[in-house]
Structure formats: C-alpha cells, structure tokens
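Step one of this worksheet: look at the structure below.
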Amino acid sequence: MLPQMLRGLRPLVTKTGQVRALSQLSTINAEEVQKFSAKSAEWWDPHGEFGMLHLMNPTRVSYIRDRIAPIAQDSTPFKGLKMLDIGCGGGLLSESLVRLGGNVLGADASYNNIQMAMLHSRKDPALWTGPGQLEYRNTTAEDLLAEGESFDVVLAMEIIEHVNNPSEFLRVCADMVRPGGKLLLSTISRTPMAYFLTNFLAEDVLKMVHKGTHDWSKYIKSEELREAIHSLQGGWQVDDVRGIAWNPLRGRWVVSEKNGDIGVAGIGSLEVNYVLTASKTEFKFFAIDTQDWLGSSQNCAMGGQPY
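Residue 307 is where the sequence shown ends in our numbering, and the numbering goes up by one at each step.
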C-alpha cells in the first residue's frame, strides 16, 4: 500500500483551458498538466527540456520488449497487442511501440501534448501504414476505464509521480489490463540520492530541466509500489523491478541486471529511477470429470483457477 501521505492526496476537479474536463474521481493534477502543456513544443527537441527522455527512450523500449516478448526474433514483436501509453506526452514512446508492431493508444490529459504528438506522427507515413496502429486521444485514464477500454499492455512511464492520488491511478490502470496482460511503470524513488540527482543537481545546478519539474515528496519507493500492486484486486504479481540509470562513461541509460544491483558510482540501482513489470493472473475455465466425487460421469465446469 502506498504511504499514507500519498494515499491521502485529494483528487483535483479544476477545469482549465488546456486540461480536459475532469470527473469527480479524476487523479489528474491540473497544475502538472499545465506545466507540461507549456513545454509541449519541446517534446521532439533532443537538446531541449526532454533531452534526457530522448536518451532514455531506446533503453526503456528495450526493457519493454524483453518483458513482453523476450523470445520474439522478428522486427514486430508487439504485433497484435493492444497497448495503452497513458500520459504519452508528445508520443516518444508511442511511436516506438507502433514501429514494433503494437496497436497503440497514446492518451494524455494535455490537449497541447496530443496535438504535438499527432503533428509529429504525420511526418512519418510508416507509422500509419505499417503493421502497427496508432491513435492519440486527449483523455484521462478514468475516462478510458469508464468507456470500457481494455488492453493487453498498459504502460505508465514517468507519470505516476505527477498525478493526484497515485493509489487510485494505479487501480484504474490495472483495471484496464486484460487477464494475462502486463502493467509496466517507471518512476523515481523517494530517497536522498534521488533528491540530490533529480532536484538539486538536474534542476538547481545543471538546469537540465526547469525548476519545479519534479516534486520529491511525490516520488514512490519501489517497495511501496510493489506492495500497492500486490494489494490490487484481480490477481496481480510483480514480475520484475530494475533500476535504470544514466551512465556518463557509456553515454547512455542502462538497466540494472537484477534487483538490488549496485549501479553507477556505487548508487543502489533502485535508489533513483526504476522500472517495474507486473502481470495480471490469467484465469482458465476447464471441465473436470466428477465421476469419482459424485458417482456419475457428469462433467462440471470449474472456473477461476489460475494457470
């Protein structure tokens, strides 16, 4: 279960010019949406505000592929999978997933972000003619769930630390995952090292991102997120949790080999950025012969037994 201070955050119902009208149960933080809307023109600038995210994207796509389709050898390992990229921003991850064959819905509460994502996607006709399918919507996770949407894979990458009521946001995302499907999240751990690197160093000293981009109090430790997933209804298990860190010597982001690995410069791999994969139990309905139990050859359908 997430810490009390996070669970207790009240949902926001403010309506603004650039924020989709919110339901009473919305987890959207209007201030966060406005903040990223103001930066929407920079989404596809590799040297701008989202430069580190551009560098991170190939690493996280590789991780996603390893967790969803580890034995696929072709160039479209996500073919046939319906995937949700919630909080898609300008579409960096969505486009990558489509190129690997996924049928991707990129959703964001910011109208500006969705417009930028759509504009950029039109520059590459292959995104619309390839094996995958791409759609963008200016909407929220709550609205998608209310509309009955479901997915094989739901990805909430670098977003849960920007919402109100992260426990509710997690539940909504999990409820949209089909039985046997996957939920992947990436976020930042609430540790002193994370504050030093992402708030003090990145914002105050190096000014890599605008001050106020991150709120340390909203970071979530990996053990808190793991516990929250285990408490979800529907049969959930955490498959994998790994740190993801910028390696200045190699000039790229790297994923730790296993949980608890020591990362760059002796930093614990789960102390700052990390990625997590969880699976929803797939239920199997099958018939069993009850002759030994009831003295007859009657078959009885039994359901709800996990593989």
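All C-beta atoms, glycine included, are put in the ideal place defined by N, C-alpha and C.
(message) Do ASN57 and HIS162 have their beta-carbon atoms positioned less than 8 Å apart in this structure?
(response) Within the sequence shown, the letter at position 162 stands for residue 162. Within the sequence shown, the letter at position 57 stands for residue 57. No. Outside cutoff.
(request) Just the C-alpha distance for GLN34 and SER110, rounded to the nearest angstrom, thanks. (result) For the purposes of this step, residue 34 is taken as residue 34 along the sequence shown, with counting starting at 1. For the purposes of this step, residue 110 is taken as residue 110 along the sequence shown, with counting starting at 1. Roughly 7 Å separates the two Cα atoms.
(request) Would you mind reading off the limits of the beta strand (DSSP E) that contains GLU32? (result) As a working note, residue 32 is residue 32 in the sequence shown. Taken as a continuous stretch (DSSP letters only), GLU32 belongs to no beta strand (DSSP E), being part of the alpha helix (DSSP H) at 30-37.
(request) Would you mind sorting GLN291 into buried or exposed? The rule is 16 or more other CB atoms within 10 Å of its CB. (result) On the sequence shown, residue 291 is found 291 positions in, with the first residue counted as 1. Here GLN291 scores only 43 on pLDDT, less than 50, and its place in the model should not be relied on; the value that follows carries that caveat. It is exposed - the Cβ of GLN291 has fewer than 16 other Cβ atoms within 10 Å.
(message) Could you compute how far the alpha carbon of LEU22 sits from the alpha carbon of VAL272?
(response) Within the sequence shown, the letter at position 22 stands for residue 22. Within the sequence shown, the letter at position 272 stands for residue 272. With a pLDDT of 44 at LEU22, under the threshold of 50, the predicted position of this residue should be treated as unreliable, and no value is reported.
(request) Output the residue ranges of the alpha helix (DSSP H) runs that lie fully inside the segment 44-113 and measure 4 residues or longer, sorted by chain position. (result) 51-68, 92-99
(message) Pop quiz: LEU105 and GLU135 are said to be a contact at Cβ under 8 Å. What is the actual Cβ separation, rounded to whole angstroms?
(response) In the sequence shown, the residue the question calls residue 105 occupies position 105. In the sequence shown, the residue the question calls residue 135 occupies position 135. LEU105 to GLU135, Cβ: 5 Å. Contact.
(message) Quick test of your reading: SER37 and ASN112, contact by CB under 8 Å. State the CB separation rounded to the nearest angstrom.
(response) Working through the sequence shown from its first residue, we reach residue 37 at position 37. Working through the sequence shown from its first residue, we reach residue 112 at position 112. At roughly 4 Å, the Cβ-Cβ gap stays under 8 Å, so SER37 and ASN112 are in contact.
(request) Determine the direct distance from the alpha carbon of GLU95 to that of ARG122, and round the result to whole angstroms. (result) What you label residue 122 is simply residue 122 of the sequence shown in a count that begins at 1. What you label residue 95 is simply residue 95 of the sequence shown in a count that begins at 1. The straight-line gap from Cα to Cα measures roughly 11 Å.
(message) Once DSSP output is grouped into helix, strand and coil, what is the label at SER186?
(response) Looking up residue 186 in the sequence shown gives position 186. Residue state, collapsed to three classes: strand.
(request) Identify whether GLN233 lies in helix, strand or coil by the three-state DSSP scheme. (result) The residue given as residue 233 occupies position 233 in the sequence shown. Residue state, collapsed to three classes: coil.
(message) Closest to ILE160 by C-alpha separation, out of TYR274, SER40, MET116, SER279, would be which residue?
(response) For the purposes of this step, residue 160 is taken as residue 160 along the sequence shown, with counting starting at 1. Residue TYR274 is the option with its Cα nearest to ILE160.
(request) Can you give me the start and stop residues for the beta strand (DSSP E) that LEU308 sits inside? (result) The requested residue 308 is not part of the displayed model; the chain covers only 1 to 307.
(request) Step through the CB atoms of chain D and report whether any lies within less than 8 Å of the CB of ALA109. (result) Within the model displayed, chain D is absent; a lone protein chain is all it includes.
(message) Tell me the rounded alpha-carbon separation between THR129 and HIS120.
(response) Against the sequence shown, residue 129 aligns to sequence position 129. Against the sequence shown, residue 120 aligns to sequence position 120. Going by the C-alpha atoms only, they are around 15 Å apart.
(message) Using the three-state DSSP reduction, which class does VAL238 fall into: helix, strand or coil?
(response) For the purposes of this step, residue 238 is identified with residue 238 of the sequence shown, where counting begins at 1. Residue state, collapsed to three classes: strand.
(message) Can you give me the C-alpha to C-alpha distance between ALA278 and PRO131, rounded to a whole angstrom?
(response) By one-based count along the sequence shown, residue 278 stands at place 278. By one-based count along the sequence shown, residue 131 stands at place 131. Going from the Cα of ALA278 to the Cα of PRO131 covers about 26 Å.
(message) Do SER186 and ARG60 have their beta-carbon atoms positioned less than 8 Å apart in this structure?
(response) Here residue 60 refers to the residue found at position 60 of the sequence shown. Here residue 186 refers to the residue found at position 186 of the sequence shown. Contact flag set, yes.
(request) Out of PRO192, LEU92, GLU149, VAL98, state which residue places its alpha-carbon closest to the alpha-carbon of SER217. (result) For the purposes of this step, residue 217 is taken as the residue at position 217 of the sequence shown. Of the candidates PRO192, LEU92, GLU149, VAL98, the one whose C-alpha sits nearest the C-alpha of SER217 is PRO192.
(request) Could you have a look at SER121 and say whether DSSP puts it in helix, strand or coil? (result) Position 121 of the sequence shown, counting from 1, holds the residue named residue 121. The answer is helix: DSSP assigns SER121 an H, G or I state.
(request) Enumerate in chain order the residues of its own chain whose CB-to-CB distance from GLU149 is below 8 Å, with the five nearest sequence positions on each side excluded. (result) Position 149 of the sequence shown, counted from the first residue, corresponds to residue 149. Only LEU84, LEU105, MET176 meet the Cβ criterion.
(message) Taking its Cβ as the centre, do 16 or more other Cβ atoms sit within 10 Å of ASN103, making it buried, or is it exposed?
(response) The residue labelled residue 103 in the question sits at position 103 within the sequence shown. With 16 or more other Cβ atoms within 10 Å, it is buried.
(request) On a CA-only basis, which of VAL154, LEU276, ARG99, ALA194 is nearest ASP74? Give me that one, please. (result) One-based indexing of the sequence shown puts residue 74 at position 74. Closest by alpha carbon: ARG99.
(request) Assign SER40 to one of two classes, buried (16 or more other C-beta atoms within 10 Å of its C-beta) or exposed (fewer than that). (result) Position 40 of the sequence shown, counted from the first residue, corresponds to residue 40. Buried: at least 16 other Cβ atoms inside 10 Å.
(request) Within 10 angstroms of the Cβ of ARG252, are there 16 or more other Cβ atoms? Answer buried if so, exposed if not. (result) Indexing the sequence shown from 1 puts residue 252 at position 252. Exposed.
(message) For the beta strand (DSSP E) containing ARG252, name the first residue and the last one.
(response) Counted from its first residue, the sequence shown places residue 252 at position 252. For ARG252, the enclosing beta strand (DSSP E) starts and ends at 252-255.
(request) With a threshold of 16 other CB atoms inside 10 Å of the CB of MET208, please say whether the residue is buried or exposed. (result) As a working mapping, residue 208 is identified with position 208 in the sequence shown. So MET208 ends up on the exposed side.
(request) Return helix, strand or coil for TYR219, following the three-state DSSP convention. (result) The residue you call residue 219 lines up with position 219 of the sequence shown. Looking at TYR219 - three-state DSSP - the assignment turns out to be coil, as it is neither helix nor strand.
(request) Tell me whether GLY101 is buried or exposed, calling it buried when 16 or more other Cβ atoms sit within 10 Å of its Cβ. (result) On the sequence shown, residue 101 is found 101 positions in, with the first residue counted as 1. Under this definition GLY101 is a buried residue.
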